[in-house]
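**Student:**
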Amino acid sequence: LFVFSARCFNSLSESLFIEWVTARINQMLVVVAGDDAFINFTGPTPSEVTWTLATICLTLLFYHILFGNRHWRRRRRLAKELDVAKEQLSFLEERLQREPLLRSKNKDGSGDPLEREEIRIFMEGAFDMMHFGHMNAFRLGRSLGTHLVVGVNSDESITKCKAAPLMNNEERLAMVQSCKFVDEVIPNTPYIMSKEYIDWVIETHNVDYIVHGDDPCIVDGKDVYETAKRAGKFRTIPRTEGVSTTDIVGRMLLLTKEHHMKVGGGVLGSHSKFLTTTRLLQLFSTNVKSPASDMRVVYIDGAWDMFHPGHVAILKAAKERGDFLLVGINSDSVVNKIRGMNLPLLNLHERVLSVLGCRFVDDVLIDAPYEISPEMIASLNIAEVVHGICFEDQEYCSGEDERYRHAKDAGIFTTVKSPSNFRLENIFKRIRKNQDAFEARFEK
Numbered sequence: 017l018f019v020f021s022a023r024c025f026n027s028l029s030e031s032l033f034i035e036w037v038t039a040r041i042n043q044m045l046v047v048v049a050g051d052d053a054f055i056n057f058t059g060p061t062p063s064e065v066t067w068t069l070a071t072i073c074l075t076l077l078f079y080h081i082l083f084g085n086r087h088w089r090r091r092r093r094l095a096k097e098l099d100v101a102k103e104q105l106s107f108l109e110e111r112l113q114r115e116p117l118l119r120s121k122n123k124d125g126s127g128d129p130l131e132r133e134e135i136r137i138f139m140e141g142a143f144d145m146m147h148f149g150h151m152n153a154f155r156l157g158r159s160l161g162t163h164l165v166v167g168v169n170s171d172e173s174i175t176k177c178k179a180a181p182l183m184n185n186e187e188r189l190a191m192v193q194s195c196k197f198v199d200e201v202i203p204n205t206p207y208i209m210s211k212e213y214i215d216w217v218i219e220t221h222n223v224d225y226i227v228h229g230d231d232p233c234i235v236d237g238k239d240v241y242e243t244a245k246r247a248g249k250f251r252t253i254p255r256t257e258g259v260s261t262t263d264i265v266g267r268m269l270l271l272t273k274e275h276h277m278k279v280g281g282g283v284l285g286s287h288s289k290f291l292t293t294t295r296l297l298q299l300f301s302t303n304v305k306s307p308a309s310d311m312r313v314v315y316i317d318g319a320w321d322m323f324h325p326g327h328v329a330i331l332k333a334a335k336e337r338g339d340f341l342l343v344g345i346n347s348d349s350v351v352n353k354i355r356g357m358n359l360p361l362l363n364l365h366e367r368v369l370s371v372l373g374c375r376f377v378d379d380v381l382i383d384a385p386y387e388i389s390p391e392m393i394a395s396l397n398i399a400e401v402v403h404g405i406c407f408e409d410q411e412y413c414s415g416e417d418e419r420y421r422h423a424k425d426a427g428i429f430t431t432v433k434s435p436s437n438f439r440l441e442n443i444f445k446r447i448r449k450n451q452d453a454f455e456a457r458f459e460k
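Now the structure itself:
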């Protein structure tokens with residue numbers, strides 16, 4: 017019966033089939049009485065009820081047989097086309113970032129390209145305890161133009177509007193300047209920018225667009241960027257999901273035993289919600305190239321947890337010793353085995369992005385071996401192994417002789433004193449000093 021019915025209705029379109037079924041049901045349920053076409057619903061007999069239910073069931077069954085698979089095939093085809101379109105969009109976005117914008121000789125756009133057209137982007141913020149989420153924002157902002165100018169809020173304006181930052185002006189400036197996506201930095205920008213200041217930024221620094229996250233920025237009931245929006249010079253970028261300064265501070269607070277009792281099942285004890293994709297790693301690896309055969313490759317490894325000014329200083333010093341700086345990043349298990357507690361505060365992928373975002377780094381070795389072997393030295397063509405003198409954690413350096421014995425035997429091992437004495441402990445002390453204020457922020 018099903019095969020016969022399918023063959024009978026195979027030539028029908030979906031709309032005709034539904035129309036035919038509707039007519040059949042109306043014939044069974046509706047009785048037209050008199051010349052005035054008054055519709056009278058009579059009491060159904062058991063036979064009519066049975067036939068009605070059977071018709072409905074058969075209608076649904078026939079519809080599924082004739083058109084159900086067609087819908088699923090259409091959905092699968094559209095889903096596949098959507099995936100292809102996303103891949104093409106990603107490819108074009110990546111290509112757009114790499115391609116220079118060229119200005120033509122003639123104003124109407126005709127003629128050969130004369131020079132690269134510069135599009136200047138402006139972003140601003142506190143960037144306290146700068147992390148890979150900030151770096152990704154810089155990357156997104158710069159992708160809208162060719163030159164990124166970043167304003168760093170002053171300590172005074174931040175303290176006046178919210179609370180004192182954990183890092184001072186110099187430390188926050190050093191972190192922003194170290195990001196490879198940033199071209200220029202403006203110090204001491206106000207936390208709340210007035211119309212006059214925005215106009216000054218646009219005029220003085222020749223800014224084409226002001227970029228901010230897609231979250232609203234309202235102060236005293238007014239949009240801070242209203243002037244830029246009216247001038248058509250405002251653009252937004254999506255926020256990096258799964259990472260925030262508040263979340264990272266929460267992980268730090270777990271280091272204090274007295275705070276462990278207050279965590280419970282709340283946000284402070286949760287795992288990282290940030291998801292690292294291959295695409296994001298590729299975008300952070302833009303312009304990463306293999307070293308040429310005649311380049312001097314310098315290798316330095318470590319945990320690089322909570323990427324801070326001390327890390328930037330030692331990486332800059334190591335970079336100056338060669339042509340190509342390769343940075344090894346130890347796994348979570350290695351770092352935790354040596355340092356204990358709940359360290360590292362950032363997982364391996366988060367630390368990889370932080371190091372990749374530094375302008376002094378040419379490439380990274382993910383999940384680097386704790387012990388440097390002769391095979392590793394030969395494979396990576398390492399000319400010098402650099403180790404920073406440990407301000408941060410003497411325990412992490414306790415196995416120095418064992419770790420670097422092959423590099424020492426080869427005569428390529430060097431210890432370098434970091435130009436900065438900033439270390440992870442500085443951040444811990446500042447967090448504990450302001451713990452009450454941070455806990456109050458978590459309660460909101």
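Position in the sequence shown (from 1) plus 16 gives the number in our numbering. For glycine and all other residues, C-beta sits at the position ideal for the given N, C-alpha and C. Remember, predicted model here, so these are calculated numbers, not experimental data.
#1: Determine the DSSP secondary structure at M139, reduced to helix, strand or coil.
#2: Since E200 sits in a beta bridge, which residues does DSSP pair it with?
#3: Go ahead and label V65 buried or exposed: buried means 16 or more other beta carbons lie within 10 angstroms of its beta carbon, across all protein chains shown.
#4: Measuring CB to CB, does A142 end up less than 8 angstroms from Y241?
#5: Buried or exposed for C177, please, with buried defined as at least 16 other CB atoms from any protein chain shown within 10 angstroms of its CB.
#6: Less than 7 angstroms between C-beta atoms, sequence neighbours within five positions excluded: which residues of the same chain meet that for N152?
#7: Determine the closest residue to L342 out of H324, R367, S436, F376, with distance taken between C-alpha atoms.
#8: In the DSSP output, what is E400 paired with across the bridge?
#9: Please list the terminal residues of the continuous beta strand (DSSP E) segment that includes G157.
#10: Counting only the same chain and skipping the five closest in sequence on each side, list residues whose C-beta sits under 7 angstroms from that of H10.
#11: Using the Cα positions of I174 and L182, report the straight-line distance between them to the nearest angstrom.
#12: For L171, report the span of its alpha helix (DSSP H) as first-last.
#13: So the candidates are S63, Y79, E172, L440; which of them puts its Cα closest to the Cα of V265?
#14: Do three or more CB pairs link the segment 146-162 to the segment 330-350 at distances below 8 angstroms?
#15: Just checking, does the segment 343-361 make contact with the segment 297-309 on the three C-beta pairs under 8 angstroms criterion?
#16: Based on the DSSP output, what are the partners of C195 in its beta bridges?
#17: In terms of alpha-carbon separation, which member of Y315, P385, R267 lies closest to L359?
#18: For H324, which three-state DSSP category applies?
#19: Under the assumption that E140 contacts V166 (Cβ atoms under 8 angstroms), give the Cβ distance between them as a whole number of angstroms.
#20: Which word fits R419, buried or exposed, when buried means at least 16 other C-beta atoms lie within 10 angstroms of its C-beta?
#21: Does the beta-carbon of A244 have 16 or more other beta-carbons within 10 angstroms, so that it is buried, or is it exposed?
#22: So if DSSP puts G356 in a beta bridge, which residue, or which two residues, is it bridged to?
#23: Report, in whole angstroms, the separation of the C-beta atoms of I345 and R367, which I expect to be a contact under 8 angstroms.
#24: To which residues does DSSP link T430 through a beta bridge?
#25: Are A334 and P435 touching if we call contact CB-CB under 8 angstroms?
#26: Please list, in chain order, all residues of the same chain as Q193 whose beta carbon is under 7 angstroms from its beta carbon, the five residues on each side excluded.
#27: Starting from G266 and walking both ways along the alpha helix (DSSP H), at which residues does that stretch end?
#28: Checking the sheet assignment: what are the DSSP bridge partners for D462?
#29: Counting along the chain, where does the beta strand (DSSP E) carrying I393 start and finish?
#30: Name, in chain order, the residues that DSSP records as bridge partners for V227.
#31: Which of the three DSSP states is assigned to T302 in this structure?
#32: Note down the Cα distance separating I214 from P203, rounded to an integer number of angstroms.
#33: Along the chain, where does the beta strand (DSSP E) that runs through D215 open and close?
#34: Hey, S370 and H147 are a contact pair by Cβ (cut 8 angstroms); roughly how many whole angstroms apart?
#35: Going straight from the alpha carbon of V314 to that of G373, what length do you get?
#36: For F444, does the three-state DSSP call read helix, strand or coil?
**Tutor:** In short, the structure shows the following:
#1: Position 123 of the sequence shown, counted from the start, is the residue given in the question as residue 139. In the three-state DSSP reduction, M139 falls in the strand class (E or B).
#2: Looking up residue 200 in the sequence shown gives position 184. Beta-bridge pairing links E200 to V165.
#3: Counting from 1 along the sequence shown, the entry for residue 65 is found at position 49. Exposed is the call here.
#4: Here residue 142 corresponds to residue number 126 of the sequence shown, with the count starting at 1. Here residue 241 corresponds to residue number 225 of the sequence shown, with the count starting at 1. Here A142 is not near Y241, since their CB atoms are 8 angstroms or more apart.
#5: Here residue 177 refers to the residue found at position 161 of the sequence shown. Exposed, because fewer than 16 other Cβ atoms sit within 10 Å of the Cβ of C177.
#6: Indexing the sequence shown from 1 puts residue 152 at position 136. These residues qualify, in order along the chain: T256.
#7: Numbered from its first residue, the sequence shown carries residue 342 at position 326. Cα-wise, what sits closest to L342 is F376.
#8: Residue mapping note: residue 400 aligns to position 384 of the sequence shown, counting from 1. For E400, which the question treats as bridged, DSSP gives the partners V314.
#9: On the sequence shown, position 141 is the one that residue 157 refers to. Run containing G157: none in the beta strand (DSSP E); it sits in the alpha helix (DSSP H), 148-158.
#10: The question about residue 10 has no answer here: the residues shown for the chain are numbered 17 through 460.
#11: In the sequence shown, the residue the question calls residue 174 occupies position 158. In the sequence shown, the residue the question calls residue 182 occupies position 166. If you take the alpha carbons of I174 and L182, they lie about 11 angstroms apart.
#12: Numbered from its first residue, the sequence shown carries residue 171 at position 155. Contrary to the premise, residue 171 reads as Asp rather than Leu in this sequence. First-last of the alpha helix (DSSP H) with D171: 171-177.
#13: Taking the first residue of the sequence shown as position 1, residue 265 is located at position 249. V265 has its Cα closest to that of L440, out of S63, Y79, E172, L440.
#14: No, the segment 146-162 is not in contact with the segment 330-350.
#15: Touching, no.
#16: Locating residue 195 in the sequence shown gives position 179, where the first residue counts as 1. In the DSSP output, where bridge partners are listed per residue, C195 has C374.
#17: As a working mapping, residue 359 is identified with position 343 in the sequence shown. Of the listed residues, the one whose Cα sits closest to L359 is R267.
#18: Position 308 of the sequence shown, counted from the start, is the residue given in the question as residue 324. Coil.
#19: Translated into the one-based positions of the sequence shown, residue 140 becomes position 124. Translated into the one-based positions of the sequence shown, residue 166 becomes position 150. Under the criterion of beta carbons closer than 8 angstroms, E140 and V166 qualify as touching, at roughly 7 angstroms.
#20: Position 403 of the sequence shown, counted from the first residue, corresponds to residue 419. By the neighbour-count rule (16 or more Cβ atoms within 10 Å), R419 is buried.
#21: Within the sequence shown, the letter at position 228 stands for residue 244. Classification for A244: buried.
#22: Counting from 1 along the sequence shown, the entry for residue 356 is found at position 340. Beta bridge pairing from DSSP links G356 with no other residue.
#23: Residue mapping note: residue 345 aligns to position 329 of the sequence shown, counting from 1. Residue mapping note: residue 367 aligns to position 351 of the sequence shown, counting from 1. Right, the Cβ-Cβ distance comes to about 6 angstroms (below 8 angstroms), so this counts as a contact.
#24: As a position in the sequence shown, residue 430 is number 414, starting the count at 1. Paired residues: V402.
#25: In the sequence shown, counting from the first residue as 1, residue 334 sits at position 318. In the sequence shown, counting from the first residue as 1, residue 435 sits at position 419. Taking a C-beta distance under 8 angstroms as the contact criterion, A334 and P435 do not qualify as a contact pair.
#26: As a working note, residue 193 is residue 177 in the sequence shown. Same-chain partners within the cutoff: V201.
#27: As a working note, residue 266 is residue 250 in the sequence shown. For G266, the enclosing alpha helix (DSSP H) has its first and last residue at 261-269.
#28: Since the first residue of the chain shown is 17 and the last is 460, residue 462 is not available in this structure.
#29: Locating residue 393 in the sequence shown gives position 377, where the first residue counts as 1. No beta strand (DSSP E) holds I393; the alpha helix (DSSP H) holding it covers 390-395.
#30: Within the sequence shown, residue 227 is the residue found at index 211, counting from 1. Residue pairing by DSSP places V227 opposite R251 in a beta bridge.
#31: Here residue 302 refers to the residue found at position 286 when the sequence shown is read from its first residue. Collapsing the DSSP output to three states places T302 in coil.
#32: Against the sequence shown, residue 214 aligns to sequence position 198. Against the sequence shown, residue 203 aligns to sequence position 187. So the two alpha carbons sit approximately 15 angstroms from each other.
#33: As a working note, residue 215 is residue 199 in the sequence shown. Unbroken run through D215 is the alpha helix (DSSP H), 211-220; no beta strand (DSSP E).
#34: Numbered from its first residue, the sequence shown carries residue 370 at position 354. Numbered from its first residue, the sequence shown carries residue 147 at position 131. With a Cβ gap of about 7 angstroms, S370 and H147 count as contacting.
#35: To locate residue 314, count along the sequence shown from 1; it is residue 298. To locate residue 373, count along the sequence shown from 1; it is residue 357. Cα to Cα, V314 sits roughly 18 angstroms from G373.
#36: Along the sequence shown, one-based indexing puts residue 444 at 428. The answer is helix: DSSP assigns F444 an H, G or I state.
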